[in-house]
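Keeping their order, the protein sequence lines are chains R and Y. If you read the first sequence in my numbering, its first letter stands for residue -9, the second for the next number, and so on. If you read the second sequence in my numbering, its first letter stands for residue 1154, the second for the next number, and so on. Below: one structure, written as structure tokens.
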Amino acid sequence: GQNIDQPTEMTATEGAIVQINCTYQTSGFNGLFWYQQHAGEAPTFLSYNVLDGLEEKGRFSSFLSRSKGYSYLLLKELQMKDSASYLCAVRGSTDSWGKLQFGAGTQVVVTP
Amino acid sequence: SQTIHQWPATLVQPVGSPLSLECTVEGTSNPNLYWYRQAAGRGLQLLFYSVGIGQISSEVPQNLSASRPQDRQFILSSKKLLLSDSGFYLCAWSVDGDQPQHFGDGTRLSIL
Chain R
-9 GQNIDQPTEM
1 TATEGAIVQI
11 NCTYQTSGFN
21 GLFWYQQHAG
31 EAPTFLSYNV
41 LDGLEEKGRF
51 SSFLSRSKGY
61 SYLLLKELQM
71 KDSASYLCAV
81 RGSTDSWGKL
91 QFGAGTQVVV
101 TP
Chain Y
1154 SQTIHQWPAT
1164 LVQPVGSPLS
1174 LECTVEGTSN
1184 PNLYWYRQAA
1194 GRGLQLLFYS
1204 VGIGQISSEV
1214 PQNLSASRPQ
1224 DRQFILSSKK
1234 LLLSDSGFYL
1244 CAWSVDGDQP
1254 QHFGDGTRLS
1264 IL
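Below is the structure:
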């Protein structure tokens, strides 16, 4: 089975940095994904890590340590529009189906 | 570029009525297709996935079914809806099992 844990909620100030942690226990590992989901909307893809290390995409960065079963999503220079739920998802097998197991999401609240 | 269309956006159905939700993808061939359900305040639950026409795999036993009559069309159905079927239904596609999944806008289903 698979178990994915991330904090329920985080609050940060506009312009600050927030780090959302995700730990996972899976039977096999073939990639970790981060999605952003605004209230009432569908998730949108943010980043993808399959090897250890840091992937940077503008204000967003994602880090992966496979040996520790750990990832984080770093949001820099927070803007009000970054208030959303951030979903960590793990692809836990090496088959061709690409099935993802999602965490429950971390609600980030950005305050003025 | 690839786009995914999902309809309807919202749906209110009585208990015991049938259901048909449709999803189509444009701009790609032979995509992997997925149906998810998200209950209020919960993570995404994978319901069905398909890697080709007529090839459907079910993840969770339930009174829902899925079909893929054409390469880029994925349909979620039920003969008799239950109250517990309420939720936010999301269709997603990916180029293959290694690439990120991209979501449609979702259907918010309420059962009365």
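Backbone N, C-alpha and C fix where the C-beta goes; we use that ideal spot for every residue, glycine too.
To the nearest angstrom, report how far apart residue i and residue j are at their CA atoms.
i, j, result
"tryptophan 24 of chain R", "serine 1218 of chain Y", "28 Å"
"leucine 63 of chain R", "proline 1214 of chain Y", "33 Å"
"serine 73 of chain R", "threonine 1181 of chain Y", "32 Å"
"serine 83 of chain R", "glycine 5 of chain R", "38 Å"
"aspartate 42 of chain R", "threonine 16 of chain R", "16 Å"
"serine 55 of chain R", "serine 1210 of chain Y", "31 Å"
"glutamate 67 of chain R", "asparagine 1216 of chain Y", "46 Å"
"threonine 1260 of chain Y", "serine 51 of chain R", "30 Å"
"lysine 58 of chain R", "aspartate -5 of chain R", "13 Å"
"asparagine 104 of chain R", "valine 40 of chain R", "This structure cannot settle anything about residue 104 of chain R, because the visible part of chain R is limited to -9 through 102."
"isoleucine 7 of chain R", "glutamine 1223 of chain Y", "45 Å"
"phenylalanine 91 of chain R", "alanine 1193 of chain Y", "At residue 91 of chain R the sequence reads glutamine, which differs from the phenylalanine that was named. Roughly 17 Å separates the two Cα atoms."
"glutamate 1175 of chain Y", "serine 75 of chain R", "26 Å"
"proline 33 of chain R", "threonine 1163 of chain Y", "17 Å"
Going by DSSP in three states, residue i sits in which element: helix, strand or coil?
i, result
"serine 1237 of chain Y", "helix"
"lysine 47 of chain R", "strand"
"aspartate 42 of chain R", "coil"
"aspartate 1258 of chain Y", "coil"
"aspartate -5 of chain R", "strand"
Who are the Cβ neighbours of residue i in its own chain at under 6 Å, not counting the five residues just before and after it?
i, result
"histidine 1143 of chain Y", "The first residue shown for chain Y is 1154 and the last is 1265, placing residue 1143 of chain Y beyond what the model contains."
"arginine 1190 of chain Y", "Gln1198, Leu1200, Gly1240 and Tyr1242"
"valine 1275 of chain Y", "Lying before the first or after the last residue shown, residue 1275 of chain Y is absent from chain Y, which here runs from 1154 to 1265."
"arginine 1225 of chain Y", "Thr1177 and Val1178"
"aspartate 1258 of chain Y", "Gln1159"
"tyrosine 60 of chain R", "Thr13"
"glycine 95 of chain R", "Ser75 and Leu77"
Spatial neighbours of residue i within its chain, please: CB distance less than 7 Å, with the 5 preceding and 5 following residues excluded, ordered by chain position.
i, result
"glycine 1207 of chain Y", "Arg1221"
"serine 1173 of chain Y", "Ile1228 and Ser1230"
"leucine 1234 of chain Y", "Gln1166, Val1168, Gly1169, Ser1170, Leu1172 and Ile1264"
"glycine 88 of chain R", "Arg81"
"glutamine 1155 of chain Y", "Val1178, Glu1179, Gly1180 and Thr1181"
Per DSSP, which one or two residues make a beta bridge with residue i?
i, result
"tryptophan 1188 of chain Y", "Y/Phe1201 and Y/Cys1244"
"valine 99 of chain R", "R/Thr1"
"leucine 54 of chain R", "R/Gly43 and R/Ser61"
"threonine 34 of chain R", "R/Gln26"
"asparagine 11 of chain R", "R/Tyr62"
"valine 1178 of chain Y", "Y/Ile1157"
"serine 75 of chain R", "R/Gln27 and R/Gln97"
Which same chain residues end up closer than 8 Å to residue i when comparing Cβ atoms and leaving out the 5 residues on each side of it in sequence?
i, result
"asparagine 11 of chain R", "Gln(-4), Pro(-3), Tyr60, Ser61 and Tyr62"
"valine 99 of chain R", "Glu(-1), Met0, Thr1, Ala2 and Ser73"
- Message: Output needed in chain order: residues of the stretch 9 to 33 of chain R with a Cβ under 7 Å from some Cβ in chain Y.
- Response: Phe23, Ala32 and Pro33
- Task: Could you please tell me which residues of the stretch 1228 to 1258 of chain Y, in chain order, have their CB closer than 8 Å to any CB of chain R?
- Result: Leu1243, Ser1247, Asp1249, Gly1250, Asp1251, Gln1252, Pro1253, Gln1254, His1255, Phe1256, Gly1257 and Asp1258
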